[in-house]
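Inspection log for the structure reproduced underneath, given as structure tokens.
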Amino acid sequence: MKYVSTRGQSPALNFEDTMLTGLAPDGGLYVPESVPVFDAEQIAKLHGDDYESLAFKVMRPFTGDTFTDAEFEEIIARAYQNFGHIARAPLKQMDRGLWLMELFHGPTLAFKDFAMQLIGQMFQTVLERRGERITIVGATSGDTGSAAIEAFRGLENVDVCILYPHGRVSEVQRRQMTTPSEANVHALAVEGTFDDCQRHLKDMFADDAFRTDVRLAAVNSINWARVLAQVVYYWWASAALGDGTRKLSFTVPTGNFGDIYAGFIAKRMGLDVDRLVVATNQNDILRRALTTGAYEVGEVAPSISPSMDIQVSSNFERLLFDALGRDGDVVQSLMNDLKTNGAFHIPENARAYLAQHFDADMASEDETRDQITQTFEDTGELVCPHTAVGLDVAATHLDIATPMVALATAHPAKFPDAVEAATGIRPPLPKHMADLYDRSERVTQVDNDLAAIQKIIRGKRAK
Ligand SMILES: *Cc1c(COP(=O)(O)O)cnc(C)c1O
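Per the numbering used here, the sequence shown starts with residue 23, numbered consecutively.
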């Protein structure tokens with residue numbers, strides 16, 4: 023299995039190098055050269071599996087000879103052992119023809135744990151074998167940083183430094199980053215905004231000496247291995263609601279397009295998917311792009327579903343590559359338009375391709391709040407604002423002949439203020455996290471200054 027860049031200018035890599043490289047040198051994203059297709063017999067064999075066994079079968083064709091079967095089984099077992107639910111991704115019926123797939127039972131209570139926990143174990147296995155040690159640096163507005171710290175804590179061959187804007191993340195998010203006590207993970211509170219943190223991160227990657235010195239690596243959502251981990255639960259839903267052959271639709275609260283793109287990969291592997299519905303909040307660049315063909319960057323308007331507040335949806339480039347007949351030159355020229363004009367137009371033939379598979383809709387802030395209230399009244403369930411965006415959109419895309427699975431991307435306790443405002447109930451933390459407010463915190467404050475941040479990262483690594 024080889025991976026190629028969406029911009030067509032970088033050499034093809036195997037799975038191991040794809041995972042360690044992240045972004046392709048030509049600026050593109052790696053995608054499989056061809057997607058393996060499961061036949062009826064392979065699909066039938068997924069039925070009745072536990073999550074880990076199903077994950078092994080779904081992901082194995084993509085990993086080539088990077089891991090032995092025994093290694094890969096061990097990696098998967100360790101990745102999901104700290105989840106708070108035996109089913110890992112349980113499905114709950116919400117209405118006639120509507121199910122919620124709960125992806126928030128991981129250690130940081132958001133779906134990003136599915137990919138990050140797996141990638142942590144995969145990195146450790148590969149680096150140990152190579153005798154290498156790397157430094158992962160990330161910038162976060164909340165969910166990604168806590169998922170990364172949780173996933174890499176205590177791993178021998180990796181140091182992790184996460185930059186977050188001081189005073190601008192929720193208390194749950196901050197505590198998830200600052201309470202792990204392992205010496206290889208570090209939360210850096212930067213006196214600045216999230217954009218400052220991201221800018222410093224970019225500058226660190228552009229600084230060749232620093233990059234080589236600390237063996238800098240990233241695990242942001244463009245890493246192919248993260249997409250792969252998310253393909254699994256689309257198959258899981260299908261095995262849970264039928265025998266893997268029943269046609270389903272999915273609604274996915276969407277920001278960077280990584281999660282729903284994984285659903286598209288599952289479909290290309292042979293999963294019987296009717297519609298993939300993109301649900302956005304008021305930052306609806308994807309809805310506009312899919313309905314009008316114009317991908318136009320605007321200003322980010324902060325919302326109550328902050329993990330979906332984006333301007334540019336990086337993983338969309340992967341889908342564009344397919345929609346454009348896998349022509350890297352065309353992708354490159356559209357991305358140049360985006361860079362120079364802040365916009366590009368999706369060509370007609372590509373729009374037709376997208377329309378075959380995807381629908382898109384948005385939920386306003388009011389609709390999101392109303393949906394949290396309505397869901398509680400109808401079902402007694404508390405849902406987080408991101409999940410509510412999905413449920414609001416799913417309601418208008420129901421087709422009784424085809425079960426709809428809406429993805430619940432975060433636990434309501436991760437966004438307690440919005441949930442309490444809409445329902446009058448403050449959602450409690452689940453059992454495995456109940457003492458979060460009692461654990462002691464460890465954080466390094468740092469000026470909003472690249473040199474100061476680099477000095478701290480070098481120092482942390484030395485220890
Ligand atoms: C990251 C995130 C999303 C958006 O997922 P993408 O893969 O970026 O589209 C939605 N909801 C929550 C809670 C998230 O943390």
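Ideal Cβ positions, reconstructed from N, Cα and C, are used throughout, including at glycine.
Nothing here was measured: the structure is a model prediction, and the numbers come from that model.
Practice item. Indicate the three-state DSSP secondary structure (helix, strand or coil) for Ala111 in the structure shown. Key: Numbered from its first residue, the sequence shown carries residue 111 at position 89. Three-state result, Ala111: coil.
Exercise for review: Look up Val13 in the DSSP assignment and say whether it is helix, strand or coil.
Suggested key: Because residue 13 is not part of the residues shown, which for the chain are 23 to 485, the question remains open.
Review point. At a cut-off of 7 Å, is Ile282 close to ligand 1 when judged by its beta-carbon and the heavy atoms of the ligand?
Key: Indexing the sequence shown from 1 puts residue 282 at position 260. In this structure, ligand 1 has a non-hydrogen atom nearer than 7 Å to the beta-carbon of Ile282.
Practice item. Can you check the region 441 to 482 for any beta strand (DSSP E) of at least 3 residues that lies completely inside it and give the ranges in chain order? Key: Taken in chain order, the unbroken stretches of beta strand (DSSP E) that lie wholly in the region 441 to 482 and span 3 residues or more are 466 to 468.
**Study point:** Segment limits, alpha helix (DSSP H) that includes Gly280
**Key:** What you label residue 280 is simply residue 258 of the sequence shown in a count that begins at 1. Gly280 -> alpha helix (DSSP H) spans 280 to 290.
Check your understanding: How long is the line joining the alpha carbons of Ala372 and Tyr25, rounded to whole angstroms?
Key -> As a first step, residue 372 is located in the sequence shown; it is residue number 350 there, counting from the start. As a first step, residue 25 is located in the sequence shown; it is residue number 3 there, counting from the start. Cα to Cα, Ala372 sits roughly 22 Å from Tyr25.
Practice item. Compute the distance between the beta-carbons of Tyr73 and Trp257, then report whether it is under 8 Å. Key: If you number the sequence shown from 1, residue 73 lands on position 51. If you number the sequence shown from 1, residue 257 lands on position 235. Cβ distance not < 8 Å, so Tyr73 and Trp257 don't count as in contact.
Exercise for review: Starting from the N-terminal side, write out each stretch of the alpha helix (DSSP H) that is 4 residues or longer and does not extend beyond the region 33 to 59.
Suggested key: Runs of the alpha helix (DSSP H) inside the region 33 to 59: 37 to 43.
Exercise for review: Could you tell me which of Val274, Gly350, Ile108 sits nearest to Pro407, measuring between CA atoms?
Suggested key: As a first step, residue 407 must be located in the sequence shown, where it is residue number 385. That would be Val274, whose Cα lies nearest to the Cα of Pro407.
Exercise for review: List the residues that DSSP assigns as beta-bridge partners of Cys183.
Suggested key: Along the sequence shown, read from residue 1 onward, the residue named residue 183 stands at position 161. Residue pairing from DSSP places Cys183 in a beta bridge opposite Val159, His208.
Check your understanding: Are three or more beta carbon pairs between the region 104 to 123 and the region 416 to 436 nearer than 8 Å?
Key -> Because the criterion of three Cβ pairs below 8 Å is met, the region 104 to 123 and the region 416 to 436 touch.
Review point. Do you know how far the Cα of Ala170 is from the Cα of Val465?
Key: Against the sequence shown, residue 465 aligns to sequence position 443. Against the sequence shown, residue 170 aligns to sequence position 148. Ala170 has its alpha-carbon roughly 15 Å from the corresponding atom of Val465.
Review point. Can you tell me whether DSSP reads Leu376 as helix, strand or coil?
Key: For the purposes of this step, residue 376 is taken as the residue at position 354 of the sequence shown. Of the three classes helix, strand and coil, the one that applies to Leu376 here is helix, per DSSP.
Review point. Does DSSP put Met81 in a helix, a strand or coil?
Key: To locate residue 81, count along the sequence shown from 1; it is residue 59. Here Met81 sits in helix by DSSP.
Review point. Considering only residues of the same chain and omitting the five flanking positions on each side of Arg309, which have a CB-CB separation below 7 Å?
Key: On the sequence shown, residue 309 is found 287 positions in, with the first residue counted as 1. Taking Arg309 as the centre and dropping the five residues before and after it, the same chain places the C-beta of Val300, Thr302, Ala382, Asp383, Met384 closer than 7 Å to its C-beta, in chain order.
Review point. Which same chain residues, not among the five before or five after Pro324, have their C-beta less than 7 Å away from its C-beta?
Key: Locating residue 324 in the sequence shown gives position 302, where the first residue counts as 1. Within its own chain, the residues whose Cβ lies closer than 7 Å to the Cβ of Pro324, once the five positions on either side in sequence are excluded, are Asp331, listed in chain order.
Check your understanding: Between the region 159 to 173 and the region 236 to 243, do three or more beta carbon pairs fall short of 8 Å?
Key -> At 8 Å Cβ cutoff, the stretches touch.
**Study point:** Cβ neighbour criterion (16 or more within 10 Å) applied to Lys477
**Key:** Along the sequence shown, read from residue 1 onward, the residue named residue 477 stands at position 455. That one is exposed.
Review point. In the structure shown, what three-state DSSP assignment does Arg297 receive?
Key: Counting from 1 along the sequence shown, the entry for residue 297 is found at position 275. Here Arg297 sits in strand by DSSP.
Check your understanding: Applying the criterion that 16 or more other CB atoms from any shown protein chain within 10 Å of the CB defines a buried residue, is Thr276 buried or exposed?
Key -> What you label residue 276 is simply residue 254 of the sequence shown in a count that begins at 1. Buried, by the Cβ-count rule.
Check your understanding: Which residues does DSSP pair with Asp229 in a beta bridge?
Key -> The count along the sequence shown starts at 1 and reaches residue 229 at position 207. Bridge partners of Asp229: none, in fact.
Practice item. Please classify Lys134: is it buried, with 16 or more other beta-carbons within 10 angstroms of its beta-carbon, or exposed? Key: If you number the sequence shown from 1, residue 134 lands on position 112. Per the 10 Å Cβ criterion, buried.
Practice item. Report the partner residues of Leu120 according to the DSSP bridge assignment. Key: Here residue 120 refers to the residue found at position 98 of the sequence shown. Residue pairing of Leu120 in beta bridges, as defined by DSSP: Asp117, Met426.
Point to revise | 7 Å CB neighbourhood of Arg340 in its chain, flanking five on each side removed | key: Here residue 340 is taken as the residue at index 318 of the sequence shown, counted from 1. Here the set comprises Thr28, Leu51, Val53, Tyr283.
Check your understanding: Should Lys79 be counted as a contact of ligand 1 given a C-beta to heavy atom distance under 7 Å?
Key -> As a first step, residue 79 must be located in the sequence shown, where it is residue number 57. Not one heavy atom of ligand 1 lies closer than 7 Å to the C-beta of Lys79.
**Study point:** Chain-order list of residues whose beta-carbon lies under 7 Å from that of Phe94 (same chain, five-residue window excluded)
**Key:** Here the question's residue 94 lines up with position 72 in the sequence shown. For Phe94, where only same-chain residues beyond five positions count, the Cβ hits under 7 Å are Phe78, Arg82, Thr85.
**Study point:** C-beta contact flag for Ser327 and Thr390 at 8 Å
**Key:** In the sequence shown, counting from the first residue as 1, residue 327 sits at position 305. In the sequence shown, counting from the first residue as 1, residue 390 sits at position 368. Contact: yes.
Review point. Taking the Cβ atom as the reference point for each residue, do Ala365 and Tyr317 lie within a distance shorter than 8 Å?
Key: Taking the sequence shown and counting its residues from 1, one reaches residue 365 at position 343. Taking the sequence shown and counting its residues from 1, one reaches residue 317 at position 295. Yes. Within cutoff.
Review point. Going by the beta-carbon positions, is the gap between Thr201 and Leu458 smaller than 8 Å?
Key: Residue numbering aside, residue 201 sits at position 179 when the sequence shown is read from its first letter. Residue numbering aside, residue 458 sits at position 436 when the sequence shown is read from its first letter. Taking 8 Å as the Cβ cut-off, Thr201 and Leu458 qualify as a contacting pair.
**Study point:** Helix, strand or coil at Asp392 according to DSSP, with G and I counted as helix
**Key:** Numbered from its first residue, the sequence shown carries residue 392 at position 370. Of the three classes helix, strand and coil, the one that applies to Asp392 here is helix, per DSSP.
Review point. Taking 7 Å as the line, does the beta carbon of His408 fall inside it for any heavy atom of ligand 1?
Key: Taking the first residue of the sequence shown as position 1, residue 408 is located at position 386. Look at His408: its beta carbon is less than 7 Å from one of the heavy atoms in ligand 1.
Review point. Residue range of the alpha helix (DSSP H) that Leu263 falls in?
Key: As a first step, residue 263 is located in the sequence shown; it is residue number 241 there, counting from the start. For Leu263, the enclosing alpha helix (DSSP H) starts and ends at 246 to 263.
Practice item. Figure out for me which residue from Ile184, Thr234, Ala231 has the closest Cα to the Cα of Leu210. Key: In the sequence shown, the residue the question calls residue 210 occupies position 188. Measuring from the Cα of Leu210, the nearest candidate turns out to be Ile184.
Exercise for review: Check the C-beta distance from Leu113 over to Leu263 and give it rounded, since I have them as a contact under 8 Å.
Suggested key: The count along the sequence shown starts at 1 and reaches residue 113 at position 91. The count along the sequence shown starts at 1 and reaches residue 263 at position 241. For Leu113 against Leu263, the beta-carbon gap comes to about 7 Å, under 8 Å, which counts as contact.
Point to revise | Cβ-based neighbour list, Gln220, same chain, cut-off 8 Å, excluding 5 preceding and 5 following | key: Here residue 220 corresponds to residue number 198 of the sequence shown, with the count starting at 1. Only Ala161 meet the Cβ criterion.
Practice item. Could you tell me which residues DSSP puts in a beta bridge with Val274? Key: Counting from 1 along the sequence shown, the entry for residue 274 is found at position 252. Bridge partners of Val274 according to DSSP: Val300.
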